[in-house]
Amino acid sequence: MDQKPDQIPQSESAVANPVYAGFWIRLGASTIDSILFLVLIIPLLIGIYGIDYLLDLVRIVEDLNRALQLWEKTGNPPMNLILSAKTEGGVWEFLITWVMPAVVIIVFWIYRSATPGKMMVRVKIADAKTGHEPSTGQVIWRYFGYFVSIIPFMLGILWVAFDKRKQGWHDKLAGTIVVKT
119 MDQKPDQIPQ
129 SESAVANPVY
139 AGFWIRLGAS
149 TIDSILFLVL
159 IIPLLIGIYG
169 IDYLLDLVRI
179 VEDLNRALQL
189 WEKTGNPPMN
199 LILSAKTEGG
209 VWEFLITWVM
219 PAVVIIVFWI
229 YRSATPGKMM
239 VRVKIADAKT
249 GHEPSTGQVI
259 WRYFGYFVSI
269 IPFMLGILWV
279 AFDKRKQGWH
289 DKLAGTIVVK
299 T
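Here it is in structure tokens:
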């Protein structure tokens, strides 16, 4: 018997009554993913650009820290320090730090509905209407929706803490939810 997504039987309780993953568990998953990416990315970049690349990163963090302290004291952002906080990497840096993570995350979302961090904390992404696996289009929209979510002071990410379905703006744009498994 064929059923429409809105007529899913109650016996499929995980789909019918999802337990939404809140802000803190999702932050934990994101932290795990970030650490895993750093473990992969930093050695690659050092292998390509040498140890000076790592020293550049330390300088950037110090410059940004100084910039934040000046901003706090003066009330004006020191744009010269903020704009100078960049590495001299090339196309490999862009591919390794931007393209590779995007591809890896999207592939995990397509095939597992979760990144390694989400799997470790036992949550997954689902279609907000059906509760089933999201489509490829949804996960791509979701990824690029992160940029919309972070631009205005991370409000789209923080939204997860206050939304009744625990959706960030990226989830709302993609029509997804994150549920406990």
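Residue numbers for the sequence shown, in the working numbering: 119 to 299. For each residue, glycine too, the CB sits at the ideal point set by N, CA and C. From a predicted model like this one, the values you see are computed outputs, not experimental measurements.
In the DSSP annotation of this structure, the continuous segment of the beta strand (DSSP E) that includes K298 starts and ends at 294-298. Counting C-beta pairs with one atom in each stretch, the segment 141-153 and the segment 267-280 have three or more that are closer than 8 Å, which means they touch.
Counting only runs of 4 or more residues that sit fully inside the segment 131-183, the alpha helix (DSSP H) segments are 131-134, 141-167, in chain order. G208 has its alpha-carbon roughly 24 Å from the corresponding atom of Y261. When beta bridges are read from the DSSP output, K242 appears opposite V297. If you look at V278, you'll find it isn't in any alpha helix (DSSP H); DSSP assigns it neither H nor E. Bounds of the alpha helix (DSSP H) holding V225 are 218-230. Between A292 and the set D170, F155, I243, the nearest pair of CA atoms involves I243. At a Cβ-Cβ threshold of 8 Å, W216 and I166 do not count as neighbours.
In the three-state scheme derived from DSSP, where H, G and I count as helix and E and B as strand, K191 is classed as helix. When DSSP states are grouped into helix, strand and coil, S253 belongs to the coil group.
The beta carbons of T233 and D151 sit closer together than 8 Å. Our two residues, N135 and V297, have alpha carbons roughly 10 Å apart in a direct line. If you draw a straight line from the Cα of I295 to the Cα of G140, it is about 10 Å long. DSSP, reduced to helix, strand and coil, places G235 within a helical segment of the structure shown.
Counting along the chain, the unbroken alpha helix (DSSP H) around F212 starts and ends at 209-212.
V137 is classed as exposed because its beta carbon has fewer than 16 other beta carbons within 10 Å across all chains shown.
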